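Q:
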Amino acid sequence: MSASSPTSPRLPQIREDTVFNRLVIFSPARSRRPSDFKFHPPDGAPNNNPNPPSCPFCLGRERECAPEIFRIPPGTDDWKIRVIENLYPALRRDLEGSQVGDRGEAGCDEGRRAVIGFGFHDVVIETPFHSIHLPDLSAAEIGEVVLSYRERVRQLSNHGSIEYVQVFKNYGASAGASMTHSHAQMIALPLVPPTVSARLDSMKEVFDKSGKCGICEAQSANILINESGHFFAVVPFAASFPFEVWIIPREHTPYFHDLDEQKAVDFGGLLKLILLKLSKQLNDPPYNYMIHSSPFHLPASHLPCAHWFIQIVPQLNAVGGFELGSGCYINPIFPEDAAEILSYEEEDASGVGEPFCNKRFPEIYIDGTKNWLPQS
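Following the working numbering, the numbering of the sequence shown begins with 3 at its first residue and continues without gaps.
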């Protein structure tokens with residue numbers, strides 16, 4: 003292997019993530035060739051039955067679900083998207099106004115704080131068909147899904163007791179999905195989670211020092227994957243996870259629910275492209291994505307530095323004791339290398355590049371097979 007090869011040993015680095023206010027260790031000792039990050043389903047994993055008898059999210063099974071909030075289009079059995087209550091909610095919407103004191107129902111000792119678990123936990127069923135996954139939809143159809151997220155967040159923003167809504171999607175069992183039918187979720191909280199407050203405070207600290215929004219400045223030539231008219235996709239400089247991707251609005255805006263229809267379609271096209279790239283390059287890995295927006299009652303002092311974005315995290319390695327104990331993550335692949343792999347542009351008929359191969363790592367490519375040699 004030549005000295006100039008990108009897989010040659012590199013010195014480890016500790017990078018600061020100024021958005022989430024944590025450290026990330028990039029470890030060449032743990033580095034693996036890109037193929038080693040491809041997802042390998044466990045032996046005996048069930049295949050995706052296009053018409054499973056037990057899926058209540060499929061068309062015609064609506065009565066088996068929790069109550070519906072709205073559907074798109076409204077007032078028709080031929081729906082495209084449904085937003086429903088979660089049948090097994092983490093929080094209960096019927097507990098508003100209930101109180102727990104220092105030594106109340108929760109059995110708290112003096113000095114410990116607890117509140118009743120009031121909140122909303124909803125599900126967005128993204129398609130009526132079980133065999134269709136989000137990146138199978140067109141950009142316009144994904145835009146409609148995104149607008150359904152937006153509409154429900156807007157509804158929750160009008161609820162005086164709700165402070166923050168987390169929109170998220172779990173794809174694959176190891177990413178936390180208990181249903182294989184394409185769906186996303188959102189949880190609305192009556193308080194701002196400490197991690198969200200820490201993110202906003204960290205971004206404000208950067209702004210106070212530099213006069214710039216750290217998210218606006220995230221677009222960089224060495225980590226850019228793709229871009230559209232209104233958004234750009236990057237592997238962040240201090241990515242906590244292998245092949246983590248952020249999709250960021252070009253326009254500085256604190257709130258996801260301010261997204262308009264035109265930008266939603268543009269966003270849908272870029273999200274589709276990134277999910278297809280991750281699927282092709284990493285063998286359809288489980289993933290999570292989270293929309294990081296701002297609390298509804300954000301102080302005016304935070305507006306210049308608050309900027310919403312979506313974080314996409316393929317589930318390729320386990321979080322261990324060091325990460326859990328220190329809050330400092332270990333990532334075995336440098337963001338610049340991950341970005342180059344994901345931005346590879348030798349397109350096939352679907353518009354997505356072939357698996358990253360001989361043009362970048364010729365010495366580990368098996369000619370004609372689109373497979374990688376195992377690491378020796």
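Backbone N, C-alpha and C define an ideal beta-carbon position, used for all residues, glycine too.
Since the model is a prediction, treat every value here as computed from it, not as a measurement.
(1) What's the C-alpha gap between Ser204 and Arg24?
(2) Give the secondary structure of Leu13 by DSSP, where H, G and I count as helix, E and B as strand, and everything else as coil.
(3) Going by DSSP in three states, Phe22 sits in which element: helix, strand or coil?
(4) Quick check on this structure: which residue in Asp79, Glu128 and Arg94 has the alpha carbon closest to the alpha carbon of Ile118?
(5) Ignore the nearest five residues each way along the sequence and tell me which others in Ser92's own chain have a CB closer than 8 angstroms to its CB.
(6) Between the C-alpha atoms of Val125 and His185, what's the straight-line distance to the nearest angstrom?
(7) Using a 10 Å radius around the Cβ and a threshold of 16 neighbouring Cβ atoms, would you call Ile335 buried or exposed?
(8) Could you check whether Arg84 and Ile134 sit closer than 7 angstroms to each other, using their CB atoms as the reference points?
(9) When we look at the beta-carbon of Ile293 and count the other beta-carbons within 10 Å, is it buried (16 or more) or exposed?
(10) With distances taken from CA atoms, which of Asp210, Ala68, Gln221 and Tyr291 is nearest Ile86?
(11) So that I know if they touch, is there some Cβ in chain B lying closer than 7 angstroms to that of Glu219?
(12) Along the beta strand (DSSP E) that carries Pro251, what are the first and last residues, could you check?
(13) In the DSSP assignment, find the alpha helix (DSSP H) that holds Ala142 and state where it starts and stops.
(14) Quick check on the burial criterion: 16 or more other C-beta atoms within 10 angstroms. Buried or exposed for Pro76?
(15) Report the option in Arg154, Leu139 and Phe28 whose CA atom is closest to the CA atom of Asp260.
(16) Contact check, Pro192 vs Leu278 under 8 angstroms by CB: the rounded distance?
(17) Which residues share a DSSP beta bridge with Lys214?
(18) Is it true that the segment 307-319 meets the segment 239-259, where meeting means three or more beta-carbon pairs spaced less than 8 angstroms apart?
(19) Quick check: the Cα distance between Phe234 and Gly145, rounded to an integer number of angstroms?
(20) Applying the 10 Å Cβ sphere with the 16-neighbour rule, what's the burial state of Glu165?
(21) With DSSP run on the structure shown, which of helix, strand or coil describes Ala341?
(22) How should Arg114 be labelled, buried or exposed, when 16 other C-beta atoms within 10 angstroms of its C-beta is the threshold for buried?
(23) For Phe72, which residues of its own chain have a beta-carbon under 6 angstroms away from its beta-carbon, when the five flanking residues on both sides are left out?
(24) Is it the case that the Cβ atoms of Gly329 and Thr20 are separated by a distance below 7 angstroms?
(25) Secondary structure at Ile74, three-state DSSP: helix, strand or coil?
(26) Rounded to whole angstroms, what's the CA-CA distance from Tyr331 to Leu202? Just pull it up for me.
(27) Could you give the distance in angstroms between the alpha-carbon of Ser296 and the alpha-carbon of Lys171?
(28) Would Glu219 and Ser163 qualify as a contact pair, given that the criterion is a beta-carbon distance under 7 angstroms?
(29) Per DSSP, which residues does Asn290 bridge with? Please list them.
(30) Could you work out which residue in Leu284, Ser303, Ala200 and Glu342 is closest to Asn319 when comparing CA atoms only?
(31) Mind checking which residues open and close the beta strand (DSSP E) that includes Ile227?
(32) On the criterion of 16 or more Cβ atoms from any shown chain inside 10 Å, does Gly270 qualify as buried, or is it exposed?
(33) Is it true that the CB of Ala116 sits closer than 7 angstroms to the CB of Ile225?
(34) What do you get for Val147, buried or exposed, if any count of 16 or more other CB atoms within 10 angstroms of its CB means buried?
(35) Among His132, Ile16 and Ser140, whose alpha-carbon lies nearest the alpha-carbon of Leu272?
(36) So for Val85, helix, strand or coil by DSSP?
A: Looking at the atomic coordinates:
(1) On the sequence shown, position 202 is the one that residue 204 refers to. On the sequence shown, position 22 is the one that residue 24 refers to. Ser204 and Arg24: Cα-Cα distance of roughly 10 angstroms.
(2) As a position in the sequence shown, residue 13 is number 11, starting the count at 1. Coil.
(3) Taking the first residue of the sequence shown as 1, we reach residue 22 at position 20. Phe22 falls in the coil class under three-state DSSP.
(4) By one-based count along the sequence shown, residue 118 stands at place 116. The option with the nearest alpha carbon to Ile118 is Arg94.
(5) For the purposes of this step, residue 92 is taken as the residue at position 90 of the sequence shown. For the sequence presented, residue 92 should be read as Ala rather than Ser. Around Ala92: Gly119, Gly121, His123 and Ile189.
(6) Reading the sequence shown from its first residue, position 123 is the one you call residue 125. Reading the sequence shown from its first residue, position 183 is the one you call residue 185. One C-alpha to the other measures close to 7 angstroms.
(7) Numbered from 1 along the sequence shown, position 333 holds the residue referred to as residue 335. Buried is the call here.
(8) Residue 134 sits at position 132 when you count from the first residue of the sequence shown. Residue 84 sits at position 82 when you count from the first residue of the sequence shown. Not closer than 7 angstroms, so no.
(9) Start at 1 with the first residue of the sequence shown, and residue 293 comes out as number 291. The residue in question, Ile293, is buried, as its Cβ has 16 or more Cβ neighbours within 10 Å.
(10) Within the sequence shown, the letter at position 84 stands for residue 86. Taking only the C-alpha atoms, the option nearest Ile86 is Ala68.
(11) Note that chain B does not occur in the displayed structure, where there is just one protein chain.
(12) Locating residue 251 in the sequence shown gives position 249, where the first residue counts as 1. Pro251 -> beta strand (DSSP E) spans Val247 to Pro251.
(13) As a position in the sequence shown, residue 142 is number 140, starting the count at 1. Ala141 to Ser159 is the span of the alpha helix (DSSP H), which, as asked, contains Ala142.
(14) Against the sequence shown, residue 76 aligns to sequence position 74. Counting Cβ neighbours within 10 Å, Pro76 comes out exposed, since fewer than 16 surround it.
(15) Taking the sequence shown and counting its residues from 1, the one referred to as residue 260 is at position 258. The shortest C-alpha separation from Asp260 is found at Arg154.
(16) Within the sequence shown, residue 192 is the residue found at index 190, counting from 1. Within the sequence shown, residue 278 is the residue found at index 276, counting from 1. Actually they do not touch by this definition, with Cβ atoms about 38 angstroms apart.
(17) Counting from 1 along the sequence shown, the entry for residue 214 is found at position 212. Note: Lys214 sits in no beta bridge, so no partner.
(18) yes
(19) Looking up residue 234 in the sequence shown gives position 232. Looking up residue 145 in the sequence shown gives position 143. One C-alpha to the other measures close to 16 angstroms.
(20) One-based indexing of the sequence shown puts residue 165 at position 163. Answer is buried; the Cβ neighbour count reaches 16.
(21) Walking along the sequence shown from the start, residue 341 turns up at place 339. It is helical.
(22) Numbered from 1 along the sequence shown, position 112 holds the residue referred to as residue 114. It is exposed - the Cβ of Arg114 has fewer than 16 other Cβ atoms within 10 Å.
(23) Against the sequence shown, residue 72 aligns to sequence position 70. Closer than 6 angstroms at the Cβ level, and outside the excluded window around Phe72, lie Val85.
(24) Here the question's residue 329 lines up with position 327 in the sequence shown. Here the question's residue 20 lines up with position 18 in the sequence shown. Not in contact: Gly329 and Thr20 (Cβ atoms no closer than 7 angstroms).
(25) The sequence position of residue 74 within the sequence shown is 72, counting from 1. Three-state result, Ile74: strand.
(26) The residue labelled residue 331 in the question sits at position 329 within the sequence shown. The residue labelled residue 202 in the question sits at position 200 within the sequence shown. Cα to Cα, the separation comes out at about 20 angstroms.
(27) Along the sequence shown, one-based indexing puts residue 296 at 294. Along the sequence shown, one-based indexing puts residue 171 at 169. Rounded to whole angstroms, Ser296 to Lys171 spans 18 angstroms at the Cα level.
(28) Position 217 of the sequence shown, counting from 1, holds the residue named residue 219. Position 161 of the sequence shown, counting from 1, holds the residue named residue 163. No, Cβ-Cβ distance for Glu219 and Ser163 is not below 7 angstroms.
(29) As a position in the sequence shown, residue 290 is number 288, starting the count at 1. DSSP lists Asn172 and Val315 as partners of Asn290.
(30) Residue mapping note: residue 319 aligns to position 317 of the sequence shown, counting from 1. Selected option, being the one with the closest Cα: Leu284.
(31) Within the sequence shown, the letter at position 225 stands for residue 227. Unbroken beta strand (DSSP E) run through Ile227: Leu226 to Glu229.
(32) On the sequence shown, residue 270 is found 268 positions in, with the first residue counted as 1. Answer is buried; the Cβ neighbour count reaches 16.
(33) Position 223 of the sequence shown, counting from 1, holds the residue named residue 225. Position 114 of the sequence shown, counting from 1, holds the residue named residue 116. No, the Cβ-Cβ distance between Ile225 and Ala116 is not below 7 angstroms.
(34) Looking up residue 147 in the sequence shown gives position 145. Buried, since its Cβ has 16 or more Cβ neighbours within 10 Å.
(35) Walking along the sequence shown from the start, residue 272 turns up at place 270. Ranking His132, Ile16 and Ser140 by Cα distance to Leu272 puts Ser140 first.
(36) As a first step, residue 85 must be located in the sequence shown, where it is residue number 83. Strand at Val85.
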